[in-house]
Amino acid sequence: PHNLREVIGACICVLENPEADLKELMQHVKGPDFPTRGIIMGRSGIRAAYKTGRGRIVMRARTHVENFGQNRERIIVTELPYQVNKRTLIENIAQQVRDKKIEGVSGLRDESDRQGMRIVIEVTRGANPDVVLNRLMKRTQLQTSFSVNMLALVDRQSRPKLLSLREVIDEYLDFQKEIIYRRTEYDLRKARERAHILRGLLTALDHIDEVIKIIRESYDDAQERLMERFDLDEIQSRAILEMRLRALQGLDRERLETEFSELTERIKRCEEILGSEEILVNILKTELQEISDTYGDERWTEIRDVEYDIDIEDLIEEEECVFTLTKEGYIKRIECAEYRAQARGGKGVRAMTTKEEDYVETVFTASTHDVLLFFSDRGQVYKKKGYMVPSAGRQAKGMAIVNLLPLEKDEKISAVLHCRPEDLESYYVFMATAKGKVKRMNLSLLRNIRRTGIRALSIDEGDTLIGAMLTDGGERILLATRNGQAICFEETDVRPMGRTAAGVRGIRLRKGDECVGVCRWGSGRFLLSVSENGYGKRTPLRAYLRGGEAAQSRGGLGMRNFKLSEKTGKIAAAKVVNGDEDLLLVSDDGTMIRISVSEISVQGRSTQGVRVMRLSEGSLLISMAKTDPEEETVCHDSESLDEDPEFLEEDDFNEFEDEDIEEDELEEEFDDDDDDDDDDEEDDD
Numbered sequence: 052p053h054n055l056r057e058v059i060g061a062c063i064c065v066l067e068n069p070e071a072d073l074k075e076l077m078q079h080v081k082g083p084d085f086p087t088r089g090i091i092m093g094r095s096g097i098r099a100a101y102k103t104g105r106g107r108i109v110m111r112a113r114t115h116v117e118n119f120g121q122n123r124e125r126i127i128v129t130e131l132p133y134q135v136n137k138r139t140l141i142e143n144i145a146q147q148v149r150d151k152k153i154e155g156v157s158g159l160r161d162e163s164d165r166q167g168m169r170i171v172i173e174v175t176r177g178a179n180p181d182v183v184l185n186r187l188m189k190r191t192q193l194q195t196s197f198s199v200n201m202l203a204l205v206d207r208q209s210r211p212k213l214l215s216l217r218e219v220i221d222e223y224l225d226f227q228k229e230i231i232y233r234r235t236e237y238d239l240r241k242a243r244e245r246a247h248i249l250r251g252l253l254t255a256l257d258h259i260d261e262v263i264k265i266i267r268e269s270y271d272d273a274q275e276r277l278m279e280r281f282d283l284d285e286i287q288s289r290a291i292l293e294m295r296l297r298a299l300q301g302l303d304r305e306r307l308e309t310e311f312s313e314l315t316e317r318i319k320r321c322e323e324i325l326g327s328e329e330i331l332v333n334i335l336k337t338e339l340q341e342i343s344d345t346y347g348d349e350r351w352t353e354i355r356d357v358e359y360d361i362d363i364e365d366l367i368e369e370e371e372c373v374f375t376l377t378k379e380g381y382i383k384r385i386e387c388a389e390y391r392a393q394a395r396g397g398k399g400v401r402a403m404t405t406k407e408e409d410y411v412e413t414v415f416t417a418s419t420h421d422v423l424l425f426f427s428d429r430g431q432v433y434k435k436k437g438y439m440v441p442s443a444g445r446q447a448k449g450m451a452i453v454n455l456l457p458l459e460k461d462e463k464i465s466a467v468l469h470c471r472p473e474d475l476e477s478y479y480v481f482m483a484t485a486k487g488k489v490k491r492m493n494l495s496l497l498r499n500i501r502r503t504g505i506r507a508l509s510i511d512e513g514d515t516l517i518g519a520m521l522t523d524g525g526e527r528i529l530l531a532t533r534n535g536q537a538i539c540f541e542e543t544d545v546r547p548m549g550r551t552a553a554g555v556r557g558i559r560l561r562k563g564d565e566c567v568g569v570c571r572w573g574s575g576r577f578l579l580s581v582s583e584n585g586y587g588k589r590t591p592l593r594a595y596l597r598g599g600e601a602a603q604s605r606g607g608l609g610m611r612n613f614k615l616s617e618k619t620g621k622i623a624a625a626k627v628v629n630g631d632e633d634l635l636l637v638s639d640d641g642t643m644i645r646i647s648v649s650e651i652s653v654q655g656r657s658t659q660g661v662r663v664m665r666l667s668e669g670s671l672l673i674s675m676a677k678t679d680p681e682e683e684t685v686c687h688d689s690e691s692l693d694e695d696p697e698f699l700e701e702d703d704f705n706e707f708e709d710e711d712i713e714e715d716e717l718e719e720e721f722d723d724d725d726d727d728d729d730d731d732e733e734d735d736d
């Protein structure tokens, strides 16, 4: 459906300017005009439809946001797209909210009355109404597409043909011209027939007495005698005989002459119309304008220049956030500003409220616009954008991750990577398992991830994925174990593998040991290790090279990384740092502290470190993450262990060789042929 005034305006434009192009026509015909009003998003679909006869026009409901209550907002819908049923729409929204396919909606009701339509969608406290509305547009009939297919029967053979806007107008105008032409021909024929009869009547009126006498004296030959006597034809004589004598006697000459004169003018006008295209076109223009003036109205459907594919990220401010995931599977994001930098050894602030048996297990920092890749302990990978993780306050529990990701029963997330969308084609993913296996593959293999996730690593029974990271393909890799061992080898020692490959051995583990961290050399200058009881240290990376220069061989036992004791506990986490970052440390009771990495001592591999976090009785440090430093940090004296830590000078890296590990153990490498053959075979699991 279109607006009558606009269509007539375009028709008159073509009549006045037969060379008018599409651009000129679209100054009159803006686009479809639907009786249900609504909003058309963008003009490209309209232009394509008018140019080719086919197109797709996207329509949206008319909405606005109202404030109510205390910091509450609601979305009001006042107009719907064409052919959308209000009741069906409301039922669909309600069902998707119940199924948790649409988040951020706390209430839904229909307040429509005689004054007009009003659908109220209440937004949950703290949710962005623009984001909620965008999700509603994408998942419900608040946004629909209307297909344009201008197929018409043309030519005398009624052949179906796809027409452009100009062709439609031309066909319509040609049809209207034909109507006017045929109508004029009909009027001319009728006028001539009536004028012919009037001539006979006027002739009879001139000889009325003789005509009446012939009619009275003749029984069956009156028509022939009239035709012979007054030179009339059959039509004229029949018209005279069909009149009663009283009516014939009462004919008014003046009226007949006036009618005959009018008919003569009408005949002349019809002949002019039939003989002049210009006169015919002027008549058509006049008639179209009269229709527009009588029945035309203003446009109902608004057309907005913005296209309908609005990126939801355009509605979300990009900012760095802290993302936390608890052992029981609750995830949330918090603005980094909520954590001020504290001195090493501080008590920290409570990161969230957890159940007595729950604690924060994973913490990382990322942008709201980053791609988040969630790697499960079973080797599956899932993809989300940072803003899809719900924002929550520092002490809020967050959302159950099973409501964010389609995890299977007992499946847990063990690693999360974040990258810019454009980086998906440029990097590798390097993964490590608790049993010391490692794998490298192209990040591009994870470009298209189904909503249900895809396999990134085939996991052996009893093994789990403990870490994943992005690399450029030429890094040195560090693996750290819970019992204080570490190994450094070249990334190129691990060839790129297929998406479902199981990997190769990265480090040989002693009984009871397992990997707790996988790091890349190029991301910093030090290996930062922290223990379960809150002790940590920075060790220069060169200390993990043989002779301070060469990397170790993949698959060996490695060398000592941390001197463990009952006081320090075992290693909780290890990361490569530069020294100018801030560090987020999390304990299993939900306490989080932010400190500057520069406050942590630089020590050798065989030392015990210094206290980096005071823990409550019975609690353990379980996770750490790096974040950008704040503008201001505070620095206090550090509390160390009873024994003085040994500080490592830049030129003394080679002094820290392990005494309890034989040299041949450092160089030992296991045969990996049975680990990495037939691992590149792809499937869709």
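Read in order, the letters of the sequence shown are residues 52 to 736 in my numbering.
Virtual Cβ for every residue (Gly too), placed ideally from N, Cα, C.
What you are looking at is a predicted structure, and each value in this text was computed from that prediction instead of being measured.
The alpha helix (DSSP H) enclosing residue i, as first and last residue numbers
i      : result
HIS798 : Outside the shown range of the chain (52 to 736) lies residue 798, about which nothing can therefore be said.
MET201 : Here MET201 belongs to no alpha helix (DSSP H), and DSSP marks it neither H nor E.
GLU541 : Careful: GLU541 lies outside any alpha helix (DSSP H), inside the beta strand (DSSP E) at 536-541.
SER652 : Element bounds for SER652: n/a, residue is neither H nor E.
ARG56  : 55-67
PRO180 : 180-190
Straight-line gap, residue i to residue j (C-alpha atoms, nearest Å)
i      : j      : result
PHE197 : ASP72  : 25 Å
GLU70  : GLN274 : 59 Å
LEU292 : SER209 : 47 Å
GLY449 : ILE382 : 5 Å
GLU386 : ARG502 : 27 Å
ASP736 : ARG665 : Confidence at ASP736 is low in this model, with a pLDDT of 38, below 50, so the placement of that residue is unreliable and no value is reported for it.
ILE265 : VAL332 : 51 Å
THR484 : ARG445 : 31 Å
GLN134 : GLN78  : 27 Å
GLY606 : GLU617 : 29 Å
SER667 : GLU583 : 12 Å
ALA447 : GLY641 : 11 Å
ASN68  : LEU224 : 13 Å
SER477 : THR139 : 46 Å
ALA623 : GLN654 : 18 Å
GLY104 : ASP421 : 41 Å
MET520 : ASN136 : 49 Å
ASP164 : ILE144 : 20 Å
Whether residue i touches residue j by CB criterion (8 Å)
i      : j      : result
VAL567 : THR532 : yes
LYS436 : PHE425 : no
SER657 : ARG611 : yes
VAL116 : PRO180 : yes
ILE108 : PRO83  : yes
ILE334 : ALA242 : no
VAL545 : ARG491 : yes
ARG571 : GLY630 : no
SER647 : ASP633 : yes
SER674 : VAL467 : no
VAL182 : ILE367 : yes
THR551 : ARG506 : yes
ILE231 : ILE59  : no
MET110 : THR195 : yes
ARG645 : TYR586 : no
Expected contact under 8 Å - CB spacing of residue i and residue j to nearest Å
i      : j      : result
LEU578 : LEU529 : 6 Å
VAL432 : MET92  : So it is not a contact: roughly 34 Å between Cβ atoms.
ILE510 : ARG429 : 6 Å
SER638 : LEU672 : 5 Å
GLU370 : THR416 : So it is not a contact: roughly 11 Å between Cβ atoms.
VAL174 : GLU124 : 5 Å
LYS488 : ASP514 : 7 Å
LEU76  : ARG217 : 6 Å
One or two residues paired with residue i in a DSSP bridge
i      : result
TYR586 : ARG662
PHE197 : ILE108
GLU124 : ASN118, VAL174
Enclosing beta strand (DSSP E) for residue i [first to last residue]
i      : result
GLN147 : Not the beta strand (DSSP E): GLN147 falls in the alpha helix (DSSP H), residues 137-149.
SER509 : It is not in any beta strand (DSSP E) - SER509 carries neither H nor E in the DSSP assignment.
ASN118 : 113-119
ILE382 : 381-386
ASP271 : Counting along the chain, ASP271 falls outside any beta strand (DSSP E), and DSSP gives it neither H nor E.
GLN431 : 431-436
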